[in-house]
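Step one of this worksheet: look at the structure below.
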Amino acid sequence: MPTVLADEDALTRAIIALASEYGRYGYRRVTALLQADGWRVGKDRVQRIWRREGLKVPQKHRPRSRLWLNDGSCVRLRPLHRNHVWSFDFVQGQIHDGRSLRILTLSYAGDWVTTVC
823 MPTVLADEDA LTRAIIALAS EYGRYGYRRV TALLQADGWR VGKDRVQRIW
873 RREGLKVPQK HRPRSRLWLN DGSCVRLRPL HRNHVWSFDF VQGQIHDGRS
923 LRILTLSYAG DWVTTVC
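Numbering (this note's numbering), first residue to last: 823 to 939.
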């Protein structure tokens, strides 16, 4: 049968309080805060309590990218309905006798509507 130390409940409450106050701190930084407060505790014990209580550090969210660039380019549109967003591209190549061939290709973004909207 595992032994439970006398200060286990108080330590658990302190860990939960620090984890809720400092949401981005993990068990190592919480251990440092506890040691600064006078607790004689190691990171392994804090990690064990951390896992037992189901505490986790929330994942970082990437900032949303802007819809514009500083080079004066157009806005990237999200398709809202059919025939809303089209893209184009110029393709250039050479044919067998050395003359250049330029083609304008148009692409319909219709499949984006079904996946995005």
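Note that the Cβ used here is the ideal one computed from N, Cα and C, for glycine as well.
Note that the structure is predicted; figures quoted are calculated from it, not measured.
Between the alpha carbons of A836 and V879 lies a gap of roughly 16 angstroms.
Between L840 and L827, the CB-CB gap reaches or exceeds 8 angstroms. Our two residues, W872 and Y849, have alpha carbons roughly 7 angstroms apart in a direct line. Inclusion of V863 and L833 in the CB contact set at 8 angstroms is warranted, their separation being smaller than that value. Under a 10 Å Cβ-count criterion, P901 is classified as buried, with 16 or more other Cβ atoms of the shown protein chains found around its own Cβ.
As DSSP reads the structure, R924 sits in a beta bridge with Q914.
Distance from the CA of G920 to the CA of Q914, rounded to the nearest whole angstrom, comes to 12 angstroms.
Beta-bridge partners of S929 (DSSP): S909.
Sequence-distant Cβ neighbours of R924 in its own chain, meaning closer than 6 angstroms and more than five residues away, are Q914. The C-beta distance from W908 to L877 rounds to 49 angstroms, too long to meet the 8 angstroms contact threshold. A direct Cα-Cα distance of roughly 29 angstroms separates H906 from H883. F912 and H918 have their C-alpha atoms some 20 angstroms from each other.
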